[in-house]
Every structure is written in structure tokens, then in C-alpha cells.
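Enquirer:
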Amino acid sequence: MEDFTPITSLIGGIFIGLSASMMILFNGRIAGISGILGGIADAHKSDVSWRVAFFAGLVLSPFVYMLFSEPFAAKLTVPDLQIVIAGLLVGIGSRYGSGCTSGHGVCGIARMSKRSIVATAVFMTAGIATVYVTHHMG
Amino acid sequence: MFKKNLSALFAGLVFGIGLILSGMTNPAKVINFLDIFGDWDPSLMFVMIGAIGVSFFAFRKASGLSLSLIKEQMQLPTAKEIDLPLITGSVLFGVGWGLVGLCPGPAMASIVTGGFEVLLFVVAMLIGMAIYRLLKR
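For the protein sequence lines, the chains are B and C, in the order given. Count the first sequence with my numbering and you get residues 1 to 138, in order. Count the second sequence with my numbering and you get residues 139 to 275, in order.
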């Protein structure tokens with residue numbers, strides 16, 4: 001387990017927690033990525049710009065990160081078809097289930113919402129089962 | 139209007155840096171986190187501990203506010219019921235997450251650095267969200 005990084009992961013988590021705190025205390029909003037993104041299409045006109053601003057920050061964050069530390073790059077090594085299926089499932093599922101890792105897994109649990117605790121348990125279990133099937137079977 | 143956009147921009151930036159630092163934007167690390175029957179890497183549990191530990195206090199404070207600190211409407215979720223959409227949606231989401239190790243936040247934070255594959259994932263995710271919206275009508 002040479003890749004065990006409890007400290008940097010904890011610090012990263014604290015950053016995410018600070019961001020979620022800012023969003024709720026200043027904007028009065030849940031920092032749920034799928035909700036902020038998926039809600040753009042049906043949002044009232046006055047409700048669009050902050051969503052775009054949030055994503056501008058999110059998309060630009062790697063550049064700020066690179067000012068202080070070495071560049072990073074997410075690398076996906078699975079077949080394109082698997083990427084497309086995964087993207088579709090993540091898109092439909094996060095909207096249908098009213099949230100993803102951020103909205104349910106962080107904000108929802110921090111609010112002690114029963115729905116979010118159940119949702120997090122369900123998607124973690126589904127994720128674990130999927131990795132088991134794709135990595136340890138067949 | 140300006141204040142809430144500025145605050146959202148900054149929050150997005152901090153969120154993204156947190157995702158990168160934590161390892162959430164590394165799909166291989168996410169897969170190892172979900173691989174509890176293999177070479178399990180529990181690091182990402184610490185992301186939740188840090189994030190929930192900090193925001194818990196913010197949400198406690200927020201529940202007593204009628205307006206936000208910059209006078210915005212507080213919009214906390216009101217749904218309480220554990221219903222079928224919540225469960226079904228979470229199952230679909232979890233399967234998609236486990237298939238490649240990306241969820242919406244890290245995908246968006248990697249969109250300029252992750253090359254064609256991440257772009258493909260984000261496009262498929264947006265199409266998925268659009269399909270949900272069509273089906274809901």
C-alpha cells in the first residue's frame with residue numbers, strides 16, 4: 001500500500017469542506033457538483049451566473065494548483081466505450097438520485113440528512129461491486 | 139449579484155484544488171479506494187473525514203440563518219423520504235463511478251488536463267443529464 005496518502009487526502013478534504021462551507025454560508029447553496037451543473041438548464045436567469053462562476057473556478061483550479069506543485073493529469077486507461085457508458089450512468093444517476101459524491105457524500109452527510117447517508121451507502125456499495133466485477137471476475 | 143458570483147468562483151477554485159490535492163482526480167486512486175477486496179487504498183476516506191469535519195459546523199450555523207451572510211436566499215434541500223429515484227439513481231451513479239473512477243467534480247476539474255478521455259466522459263455525462271431531463275418531462 002505504497003500509495004496510502006492520509007495526510008494529503010485529509011488536507012484536500014479540508015479544502016473541499018471549506019468550499020462547501022463558503023457555498024452554504026455565503027451563497028446559501030449546497031456545493032453539489034451534479035446539482036449545480038445539471039440545474040443550469042432549468043435555472044432562473046438570475047441563477048445561472050453563479051453556477052457558471054463556480055465551474056469556471058473548478059475548471060481553472062489545476063492551473064492554480066500547478067503554481068505551487070507539479071502538474072498532474074488524470075489518466076483514463078479503459079476503453080472508450082466503457083468511458084461513454086460510465087459517463088452516461090454518472091450523468092443520469094446523479095440527477096435521478098439528486099446528488100453525487102459532493103452533494104450527498106459530503107454536504108448531505110455533514111447536514112446529517114438521512115437521504116444522503118442512504119444514497120452514499122448505496123453508491124459506495126455499487127461502486128465497490130462494480131470494481132469487484134471488473135477487476136476480480138472473468 | 140457580483141458578490142455571489144465572486145464567492146462561487148472562489149469556492150469552485152478551492153473545491154478543485156481540494157479534489158486535486160486529495161487524490162479524487164486520480165481515477166486509479168479512486169478505483170483502488172473502491173477495491174476493498176483487492177489492494178485497498180483507504181486514503182479517500184480521509185477526504186470525507188476532512189470535508190465533513192469542516193462543513194459540519196458550517197451547516198449547523200447555516201440551519202439557523204434565514205438569509206446567507208451576503209443576503210442570499212438559503213436553499214437547503216427539503217426532501218426527506220427515502221424513495222425509489224434516490225436508490226435507483228445512486229445505484230446507476232455508483233456503477234458509473236466504479237467503471238472509470240471519475241465522478242462529476244473531478245471530471246470537471248480535469249477537463250483541461252485529462253485529454254480526450256476525460257472530455258469524452260464529460261460529454262457523455264452531460265448527455266446523461268440531458269436524458270434525465272427529457273425523461274422527467
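Glycine included, C-beta positions come from ideal geometry on N, C-alpha and C.
Tell me which residues of the segment 84-98 of chain B have at least one Cβ-Cβ distance to chain C shorter than 8 Å, keeping chain order.
Expert: The segment 84-98 of chain B vs chain C, Cβ under 8 Å: V84, I85, A86, G87, L88, L89, V90, G91, I92, G93, S94, R95, Y96, G97 and S98.
Enquirer: Just checking: is the beta-carbon of A126(B) within a distance shorter than 8 Å of some beta-carbon in chain C?
Expert: Taking the first sequence and counting its residues from 1, the one referred to as residue 126(B) is at position 126. A126(B) counts as touching chain C.
Enquirer: Near P165(C), what residues of its chain come up, given a Cβ to Cβ distance below 7 Å and the 5 sequence neighbours on each side ignored?
Expert: Position 27 of the second sequence, counting from 1, holds the residue named residue 165(C). Closer than 7 Å at Cβ, skipping near neighbours: V238, G239 and L240.
Enquirer: Along the segment 10-35 of chain B, where does the CB come closer than 8 Å to a CB of chain C? Name the residues.
Expert: The residues in question are L10, I11, G12, G13, I14, F15, I16, G17, L18, S19, A20, S21, M22, M23, I24, L25, F26, N27, G28, R29, I30, A31, I33 and S34.
Enquirer: Between which two residues does the alpha helix (DSSP H) containing Q211(C) stretch?
Expert: The residue given as residue 211(C) occupies position 73 in the second sequence. Premise fails: Q211(C) is in no alpha helix (DSSP H) and is neither H nor E.
Enquirer: If contacts are defined as beta-carbon pairs under 8 Å, then G202(C) and T101(B) qualify, I think. What distance do you get, rounded to the angstrom?
Expert: Here residue 202(C) refers to the residue found at position 64 when the second sequence is read from its first residue. Here residue 101(B) refers to the residue found at position 101 when the first sequence is read from its first residue. With 8 Å as the limit, G202(C) and T101(B) do not qualify as a contact, their Cβ atoms being about 27 Å apart.
Enquirer: Touch check for the segment 167-184 of chain C and the segment 82-90 of chain B: three-plus C-beta pairs under 8 Å?
Expert: With a cut-off of 8 Å, the segment 82-90 of chain B and the segment 167-184 of chain C do not count as touching, because too few Cβ pairs lie within range.
Enquirer: List the residues of chain B whose Cβ lies closer than 7 Å to the Cβ of L151(C), in chain order.
Expert: As a first step, residue 151(C) must be located in the second sequence, where it is residue number 13. Within 7 Å Cβ-Cβ: G57, L60, S61 and V64.
Enquirer: If the cut is a Cβ gap below 8 Å, which residues of chain B does L172(C) touch?
Expert: Looking up residue 172(C) in the second sequence gives position 34. The answer, in chain order, is M124, G127, I128, T130 and V131.
Enquirer: Residues of chain B with a CB under 8 Å from the CB of G252(C): which are they?
Expert: The count along the second sequence starts at 1 and reaches residue 252(C) at position 114. Those within 8 Å of G252(C) in chain B are A73, A74, K75 and L76.
Enquirer: According to the Cβ coordinates, are L147(C) and A20(B) closer than 8 Å?
Expert: Locating residue 147(C) in the second sequence gives position 9, counting from the first residue. Locating residue 20(B) in the first sequence gives position 20, counting from the first residue. Against a cut-off of 8 Å, the Cβ pair of A20(B) and L147(C) comes out as no contact.
Enquirer: Give the single residue among A73(B), G97(B) and I85(B) whose Cα lies nearest to the Cα of L222(C).
Expert: Locating residue 222(C) in the second sequence gives position 84, counting from the first residue. Nearest C-alpha to L222(C): G97(B).
Enquirer: Taking only the alpha-carbon atoms, compute the straight-line gap between F63(B) and V168(C) and give it to the nearest angstrom.
Expert: In the first sequence, residue 63(B) corresponds to position 63, counting from 1. In the second sequence, residue 168(C) corresponds to position 30, counting from 1. Rounded to whole angstroms, F63(B) to V168(C) spans 22 Å at the Cα level.
Enquirer: State the DSSP-derived secondary structure class of L203(C), mapped to helix, strand or coil.
Expert: Counting from one through the second sequence, the residue named residue 203(C) turns up at place 65. Reduced to three states, the DSSP call for L203(C) is coil.
Enquirer: Taking 8 Å as the threshold (C-beta atoms), are F153(C) and A31(B) in contact?
Expert: For the purposes of this step, residue 31(B) is taken as the residue at position 31 of the first sequence. For the purposes of this step, residue 153(C) is taken as the residue at position 15 of the second sequence. Taking 8 Å as the Cβ cut-off, A31(B) and F153(C) qualify as a contacting pair.
Enquirer: Could you give the DSSP three-state label for H44(B): helix, strand or coil?
Expert: For this step, residue 44(B) is matched to residue 44 along the first sequence. Coil, per DSSP.
Enquirer: Is R275(C) buried or exposed, if buried means 16 or more other CB atoms sit within 10 Å of its CB?
Expert: The residue labelled residue 275(C) in the question sits at position 137 within the second sequence. So R275(C) counts as exposed.
Enquirer: Taking C-beta to C-beta, are L10(B) and G188(C) nearer than 8 Å?
Expert: Locating residue 10(B) in the first sequence gives position 10, where the first residue counts as 1. Locating residue 188(C) in the second sequence gives position 50, where the first residue counts as 1. Yes.
Enquirer: Is there a Cβ of chain C sitting closer than 8 Å to that of G138(B), yes or no?
Expert: Working through the first sequence from its first residue, we reach residue 138(B) at position 138. Taking Cβ atoms only, chain C never reaches closer than 8 Å to G138(B), which makes this a no.
Enquirer: Express the C-alpha separation of W50(B) and T216(C) in angstroms, rounding to a whole number.
Expert: Position 78 of the second sequence, counted from the start, is the residue given in the question as residue 216(C). Position 50 of the first sequence, counted from the start, is the residue given in the question as residue 50(B). Whole-angstrom Cα-Cα distance: 22 Å.
Enquirer: Using beta-carbon positions only, say whether G118(B) and L224(C) come within less than 8 Å of one another.
Expert: Residue 118(B) sits at position 118 when you count from the first residue of the first sequence. Residue 224(C) sits at position 86 when you count from the first residue of the second sequence. At residue 118(B) the sequence reads Val, which differs from the Gly that was named. Yes, Cβ-Cβ distance for V118(B) and L224(C) is below 8 Å.
Enquirer: Going by the beta-carbon positions, is the gap between S228(C) and F26(B) smaller than 8 Å?
Expert: Reading the second sequence from its first residue, position 90 is the one you call residue 228(C). Reading the first sequence from its first residue, position 26 is the one you call residue 26(B). Going by C-beta atoms, S228(C) is not nearer than 8 Å to F26(B).
Enquirer: Can you pull the chain C residues whose beta carbon is under 7 Å from the beta carbon of H135(B), in chain order?
Expert: In the first sequence, counting from the first residue as 1, residue 135(B) sits at position 135. Residues of chain C passing the Cβ test: D173 and G176.
Enquirer: Could you work out which residues of chain C lie near V106(B), taking near to mean beta carbons separated by less than 9 Å?
Expert: As a first step, residue 106(B) is located in the first sequence; it is residue number 106 there, counting from the start. Those are V185, M186, A189, I190 and S193, listed as they occur along chain C.
Enquirer: Can you pull the chain B residues whose beta carbon is under 8 Å from the beta carbon of G161(C), in chain order?
Expert: Residue 161(C) sits at position 23 when you count from the first residue of the second sequence. Here the neighbours are T5, T8, S9 and G12.
Enquirer: Cβ closer than 9 Å: which chain C residues qualify as neighbours of L37(B)?
Expert: Mapped onto the first sequence, residue 37(B) falls at position 37. Simply P242, M246, M263, L264 and M267.
Enquirer: Can you grab the Cα-Cα spacing for the pair V233(C) / G35(B), in whole Å?
Expert: Residue mapping note: residue 233(C) aligns to position 95 of the second sequence, counting from 1. Residue mapping note: residue 35(B) aligns to position 35 of the first sequence, counting from 1. Approximately 19 Å, taken between the alpha carbons.
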